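> Before anything else, here's the structure in question.
Number of protein chains: 2
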Amino acid sequence: MSNPRRSAATVLTGALVLAALASSTTASSQELSAVQAPSSPLILRSRGSFLVGGENVTQTPTQLSYFTPQPPPAGTRVTVNQMYVEYMVPMHQRGAPVVMIHGATLTGKSYDTTPDGRMGWYEYFVRRGHPTYVPDQVSRGRSGFDISTYNDVRAGVKPVSALPNFWRFGDELVWTQFRFGPTFGTPFPDEQFPVEAVAELSRQAVPDLNYVLPTPNPNIAATARLATQLNGAVLMGHSQSGTLPLDAALADPTGIRAMVLLEPGGCRSTQFTDTQIAALAKIPILAVFGDHLDAVTGTVVNWQNQFNDCNAFIARVKAAGGVAEMLHPPTLGIRGNSHMIMMDKNNLQIADLILSWIGRNTRAGNQTR
Amino acid sequence: MSNPRRSAATVLTGALVLAALASSTTASSQELSAVQAPSSPLILRSRGSFLVGGENVTQTPTQLSYFTPQPPPAGTRVTVNQMYVEYMVPMHQRGAPVVMIHGATLTGKSYDTTPDGRMGWYEYFVRRGHPTYVPDQVSRGRSGFDISTYNDVRAGVKPVSALPNFWRFGDELVWTQFRFGPTFGTPFPDEQFPVEAVAELSRQAVPDLNYVLPTPNPNIAATARLATQLNGAVLMGHSQSGTLPLDAALADPTGIRAMVLLEPGGCRSTQFTDTQIAALAKIPILAVFGDHLDAVTGTVVNWQNQFNDCNAFIARVKAAGGVAEMLHPPTLGIRGNSHMIMMDKNNLQIADLILSWIGRNTRAGNQTR
């Protein structure tokens, strides 16, 4: 903050951001008009969506119809814990399929058009020749969730204490926790997150219902199964799902060619057994962390600690003979990346680094197993 | 059922369907492998997703964090009642933008890849030259929902009776209500819905949280606003959202060039005032109803009554000088269409009929207003 020009710019940007947040309570001028069209067409061999996994179960008698406040006929069934997946396959495939799994309180939208209307990783990876698959985590978005406990409580069959936690990140917590800046409304001078569009990120957020899920989390089996269906895929997780690829690999490594862990909440370096580390060491692993890891205090997750933990995990995997790397852009002179690195202004630059690693580690004959 | 061959085939199909439903409780062999690739590439000028509308509101103090069971700092904010929209714009536009809104307990997925893996209307309309926009209704899918009342009840601040109804259609109700056949597991002999993949439709379903929404339903303003942002769009609604285009037009007709009402739960023919009918008569309207409207008894919605009501509505609009039509495929010799007409085996044949109507009614100089 010793540079007066930068400092003034920061203050101005902060004021603009607060104005943008305030105006978001009324009609915004953003939305569709902010979305930028690419300069060249996208040519797809195929695209679409499908569901993975799920269980067909009997509805609770406490379920009430929309039309009449009556329970369903006894024994009627619904499907729960399925996982929605959208995908695009490029006309000319040049790389391995990639599965992109989103983080807490968000959906697969995280990897699509950025809050300020630029191309997201979903389309960019396709343009770079990778068939790309974007799920909504089970219990979120188009995957839906199991409402049986909710209906039981509503009907008085179960106590209120049985209601699982439904939660959202508040905008203020997001600002510091996702490292947009040191205090709400003030970005870091070199911040890469498009803070002028932070209200759009707020609009991408949905309730997080992970507490509804049974154990083990159905996302683990669904993700492993998706990789198997793809006959070999790179699994990418972010934040809440940052270590989901590791759990999927431990459940069933059959279809997993490589794993990319984007700012997980730690890598459980001391928790995995040697047997588990040996299993994980058979698949190439890349961890990615942005900038300003220790610059924000008082937030819920200390990112420096998670970074350190992932480096310790990488060391264990390497000691077990695996291929594991940390991609930390600041060491390459790339500064200012946030926790929402797939949305940052330099998101395609970061994508290129990840794509390069994927290319090196999924080449035929260059796989550990 | 007088044709013994057809009758035997029906019984066999019914048995297969029940077997498919039973097997869906365990690992299914469908999913990705059932998805069919098209024979020619899809060339897009652009694609992506964005959010329409929404309000930035203060979180309830009863909201608990994921990380610690603590309320958020006072006054933190989240966005609610926004509408997620995904879209594709073809390289060579040859028609008006179309907005496809889904029905109850479903999401925008309804218009994408069909349960048996064929091309849905979303991609087909794009291939026919229409920029196409698919929202998730506010309170559903990637649009999320407002959890404040839920959290208040969970914290004991509000009584259990404040919990809004969360509901799902049971598979058995869907079978008869959506007119797949006369009784669960038995299809009509000429049924167009791909009943062998009915378990996939069950997996597309999500909890319907419309009861969470404030009045007026935010989907009305969001849809009208989306049409305005598109500088003129055709609004298509289905079932629960079947008359949403009419409500949007009454709220703000600015961007609405035509309206397609797919099997709405009635057209409120006796409820609209003459002033409202006069306003609606300025925009071309097409209603679409499938087959077997009166063949299933004992279901919640009697489709023959809704069909009759929409014909009465059309008569009122025409009497007011408007362009309004009923597309009823059986009158064209096309039999067996279900309530999920966009997923039926002849879904592209039905799409062609609608596209033809849209073309005629959105041509420059051929608009009523």
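Chains X and Z, in that order, give the protein sequences. Sequential numbering from 1 applies to the first sequence in UniProt numbering. Sequential numbering from 1 applies to the second sequence in UniProt numbering. All C-beta atoms, glycine included, are put in the ideal place defined by N, C-alpha and C. Please read these numbers as outputs of a predicted model, since none were measured by experiment.
For R257(X), does the three-state DSSP call read helix, strand or coil?
In the displayed model, R257(X) falls within a strand according to three-state DSSP.
> Kindly provide the ranges of any beta strand (DSSP E) runs that are 3 or more residues long and lie completely inside the stretch 34–101 of chain X, ordered along the chain.
Runs of the beta strand (DSSP E) inside the stretch 34–101 of chain X: 42–58, 77–90 and 98–100.
> When DSSP labels each residue in this structure, what does A320(X) get in the three-state scheme?
coil
> When the cut-off is 9 Å and only beta carbons count, does V195(X) lie next to chain Z?
By this cut-off, V195(X) is not an interface position.
> Spell out whether any CB of chain X is found under 9 Å from the CB atom of I220(Z).
Under the Cβ distance rule, I220(Z) does not count among the residues neighbouring chain X, no pair being separated by less than 9 Å.
> Check the Cβ of I43(X) against every Cβ in chain Z and list those closer than 7 Å, keeping chain order.
P41 and I43
> Does the pairing of the stretch 69–77 of chain X with the stretch 132–150 of chain X give three or more beta-carbon distances under 8 Å?
no
> If you reduce the DSSP assignment to three classes, tell me which class T362(Z) lands in.
T362(Z) carries a helical assignment under DSSP once its states are collapsed to helix, strand and coil.
> Taking the CB atoms as reference points, tell me whether I283(X) and P330(X) lie closer together than 9 Å.
no
> For Y84(X), return the contacting residues in chain Z, with the cut-off set at a CB-CB distance below 7 Å.
K109
> Hey, A199(Z) and T362(Z) are a contact pair by Cβ (cut 8 Å); roughly how many whole angstroms apart?
Incorrect: roughly 38 Å between the Cβ atoms, too far for contact.
> Taking just the CA atoms, how far does D146(Z) sit from Q93(Z)?
37 Å
> So, for I256(X): in the same chain, excluding its five sequence neighbours on each side, which residues have a beta-carbon less than 6 Å away from its beta-carbon?
A227, L235, A249 and I283
> Is G120(Z) closer than 9 Å to N242(Z) when the C-beta atoms are compared?
A quick correction: the sequence has Gly, not Asn, at residue 242(Z). No. Outside cutoff.
> Can you pull the chain X residues whose beta carbon is under 7 Å from the beta carbon of F50(Z), in chain order?
E31, L32, V35 and T113
> Can you give me the start and stop residues for the alpha helix (DSSP H) that residue 416(X) sits inside?
Summary: the structure shown does not reach residue 416(X), with chain X confined to residues 1 through 369, and so no result is reported for it.
> Would you mind giving the Cβ-Cβ distance between Y211(X) and P164(X), rounded to the nearest angstrom? I have them listed as a contact below 8 Å.
4 Å
> With 16 other CB atoms within 10 Å as the buried threshold, where does G237(Z) fall?
buried
> Looking at the C-beta of E191(Z), does it have a partner C-beta in chain X at a distance below 9 Å?
No, E191(Z) lies away from the interface with chain X (no Cβ there is under 9 Å from its Cβ).
> Determine the closest residue to L332(Z) out of A279(Z), L353(Z), E191(Z) and S239(Z), with distance taken between C-alpha atoms.
L353(Z)
> Is R179(X) close to chain Z? Criterion is C-beta to C-beta, closer than 9 Å.
no
> If you measure from the beta carbon of L21(Z) to each beta carbon in chain X, is any gap under 9 Å?
Here the model assigns L21(Z) a pLDDT of 44, short of 50, so the residue's position is not dependable and the matter cannot be decided.
> Per DSSP, which one or two residues make a beta bridge with W357(X)?
Paired residue(s): none; W357(X) is not in a bridge.
> Since D116(Z) contacts P194(Z) with CB under 8 Å, what's their CB separation in whole angstroms?
4 Å
> Could you run through the stretch 128–151 of chain Z and flag, in chain order, every residue whose CB is less than 8 Å away from some CB of chain X?
D136, G141, R142, S143, G144, F145, I147, Y150 and N151
> Does R179(X) pass the burial test, meaning 16 or more other C-beta atoms within 10 Å, or should it be called exposed?
With 16 or more other Cβ atoms within 10 Å, it is buried.
> Do the stretch 43–52 of chain Z and the stretch 30–39 of chain X meet, that is, are 3 or more Cβ pairs less than 8 Å apart?
yes
> Of the residues that make up the stretch 160–176 of chain Z, which ones have a beta carbon closer than 7 Å to any beta carbon in chain X?
Correct list: V160, L163, N165, F166, W167, R168, G170, D171, E172 and L173.
> Of all the CB atoms in chain Z, is at least one closer than 9 Å to the CB of Q276(X)?
no
> Do we get a CB-CB distance below 9 Å when we pair E123(X) with the residues of chain Z?
yes
> Counting C-beta neighbours from all protein chains within 10 Å, is the total for D344(Z) 16 or more, i.e. buried, or is it exposed?
buried
> For the structure I just gave you, are there three or more beta carbon pairs, one from the stretch 315–324 of chain Z and one from the stretch 261–278 of chain Z, closer than 8 Å?
yes
> Taking Cβ-Cβ distances shorter than 8 Å, what residues in chain Z pair up with Q229(X)?
E31, L32 and S33
> So, under 8 Å CB-CB, G266(Z) and C310(Z) are touching, yes? Tell me the CB distance rounded to an integer number of Å.
That pair is a contact at about 7 Å.
> Given that a residue counts as buried once 16 or more other Cβ atoms are within 10 Å of its Cβ, and exposed if not, what is G365(X)?
Only weak support exists for where G365(X) lies, its pLDDT of 47 falling under 50; the coordinates are left without a value.
> Under 9 Å between beta-carbons, which chain Z residues line up against P73(X)? List them in chain order, please.
G170, E172 and L173
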